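To start, the structure under review is shown below, and the notes come after it.
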DNA sequence: CCTTTTACATACACCATTGTATGGATAGCG
DNA sequence: CGCTATCCATACAATGGTGTATGTAAAAGG
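Protein chains in written order, with my numbering: chain A, 1 to 207; chain B, 208 to 414.
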């Protein structure tokens, strides 16, 4: 085979990552060989070992394409009035997250990370999940604290408890949905459950 | 090596399952060889292939030791008055579940099932998780429907939504805790979050 | 007490996967 | 236009794991 142009080389790298996503999701990370990934992209293992050092390196590159910091979702709302209505900020950020997850690439990679891979090499998906969960929980709690100060939270509901509650609920929902995404729409059920939960947490209209 | 008595043979079988739990939890199912399990139990692969057909069979036997039907937790309460107070029935059943999970064997096996294994052989842990989730969600919803009929549920809260909400929250909580159980006590935080959530869902005291 | 079956240990053949070494053709660059 | 680094295919050796076949000593059973 002949040498490709730089653009073509970059394209095969992406193609390899695409193939990895699909095969990982179908067979699980541990049970898929580099050969299978290469063949699925109409390449050989030579291409993989050129672009990546080994399977773990390929895996990390795959994750790199979909890294979502939670705070970024809030910033994407672009509405400056959200600081005055923290519960609405939470709501909109979560809705953004639901829509993100519906995109095939995000959905696939997160499903792989949560359901289709074990520890291997120097990669520990559980540690990654921990970091994501902690970050999400912390951000949610901050907004709930803010909401409590403004009297928007139901009396008697500790804002930290509220943060942990919502984080657990969202985590369980993602977990369920990523197991097989065809059972329900994450946007639909997510919106339904999120609104119900926030309604329970919101302070009753005064007056 | 000499032949063992029937009791000794049964003991080695249990020892092999114990060893499998520990090694699976530490290294992940896919990355552990039968040799490692055997050596961890001071045996050889011969013992494993005598008691089990292969790795998948060993894995299923391991699961068999901890199978918990949710309904059984409710029955364990033994209090006949729970039908009159469905929310209290949910509460007590969940608390039972928390205590169960704290036992090392239950904790380890569930952690393996959720976090440390992929599809392999004819075993699909995701299908098992689906079944468990569906069963739990169904049972919870039944109780919430019952609670709604008796006016114990907060007005405007759909009982089915309540069931899905609580199931998602509990699922997320288990998921988080099983990731590493040393970060917090499942009984403590579980009780805290469960009570907070049920308090939000309960109809306000009338009169 | 003798035979058979049990409960393993040991040994062997086989396969899949990995990492690397090598080859080759062309794109990029001076 | 020629040189070299790039991009990938092919070939090779090494490894680790699986399943099975065989050995064996003692427990079960009569």
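Backbone N, C-alpha and C define an ideal beta-carbon position, used for all residues, glycine too. Bear in mind the structure is a predicted one, so any value in this text is a computation, not a measurement.
According to the DSSP secondary-structure assignment, residue 330 of chain B is paired through a beta bridge with B:327. With the criterion set as a beta carbon lying under 8 Å from some beta carbon of chain A, the segment 299-310 of chain B has no members that meet it.
Counting other Cβ atoms within 10 Å of its Cβ, residue 183 of chain A stays below 16 and is therefore classed as exposed. With a threshold of 16 other beta carbon atoms within 10 Å, residue 345 of chain B falls short and is exposed.
Within the segment 38-72 of chain A, contact with chain B at the beta-carbon level (separation under 9 Å) is assigned to no residue. Across the segment 310-332 of chain B, CB contacts with chain A closer than 9 Å involve 321, 322, 323, 324, 325, 326, 327 and 332, in sequence order along the chain. Near chain B, meaning a CB-to-CB distance below 8 Å, the residues of the segment 19-31 of chain A are 27, 28, 29, 30 and 31. The shortest CA-to-CA distance from residue 75 of chain A to any of A:187, A:173 and A:93 is the one to A:93.
Residue 386 of chain B has a beta carbon lying within less than 8 Å of a beta carbon in chain A.
Distance from the CA atom of residue 161 of chain A to the CA atom of residue 24 of chain A, rounded to whole angstroms, is 36 Å.
The Cβ of residue 172 of chain A sits closer than 8 Å to at least one Cβ of chain B.
When the Cα atoms are used, residue 205 of chain A and residue 132 of chain A turn out to be separated by approximately 34 Å.
B:289 is the residue among B:249, B:248, B:379 and B:289 whose C-alpha sits nearest the C-alpha of residue 357 of chain B. By the Cβ test, the segment 193-201 of chain A is in contact with the segment 166-178 of chain A, since at least three Cβ pairs between them sit closer than 8 Å. In this structure, DSSP gives residue 360 of chain B an extended state, which the three-state scheme calls strand. Below the 9 Å Cβ cutoff, chain B contributes 403, 406 and 407 as neighbours of residue 157 of chain A, in chain order.
Buried is the label assigned to residue 108 of chain A, since at least 16 other Cβ atoms lie within 10 Å of its Cβ. Taking residue 119 of chain A as reference, the option from B:227, B:238 and B:229 with the minimal CA-CA separation is B:238. In summary, residue 395 of chain B is exposed, with fewer than 16 beta-carbon neighbours lying within 10 Å of its beta-carbon over all protein chains present.
Judged by their CB atoms, residue 43 of chain A and residue 17 of chain A are not nearer to each other than the 8 Å cut-off.
A distance below 8 Å between beta-carbons, with the five flanking residues on each side excluded, links residue 126 of chain A to the following residues of its chain, in chain order: 119. Taking all protein chains in view, the Cβ of residue 141 of chain A is crowded by 16 or more other Cβ atoms within 10 Å, so the residue is classified as buried. Listed by position along chain A, the residues whose Cβ is nearer than 7 Å to that of residue 376 of chain B are 165, 168, 169 and 172. Under the DSSP assignment, residue 412 of chain B falls outside any alpha helix (DSSP H); it carries neither an H nor an E label. A Cβ-Cβ distance of about 12 Å is found for the pair residue 362 of chain B and residue 354 of chain B, leaving them out of contact under the 8 Å criterion.
At the C-beta level, residue 48 of chain A and residue 58 of chain A come within 8 Å of one another. Where residue 370 of chain B is concerned, the enclosing alpha helix (DSSP H) starts and stops at 366-386. Under the three-state reduction of DSSP output, residue 78 of chain A falls in the coil class, being neither helix nor strand.
The continuous alpha helix (DSSP H) containing residue 23 of chain A extends over residues 6-27.
DSSP places residue 243 of chain B inside the alpha helix (DSSP H), whose first and last residues are 241-247. Within the model, the alpha-carbon separation for residue 113 of chain A versus residue 106 of chain A is close to 11 Å. Neighbours of residue 192 of chain A in chain B, taken as residues whose beta carbon is under 7 Å from its own, are 368 in chain order. Under the Cβ distance rule, residue 175 of chain A counts among the residues neighbouring chain B, one pair being separated by less than 8 Å.
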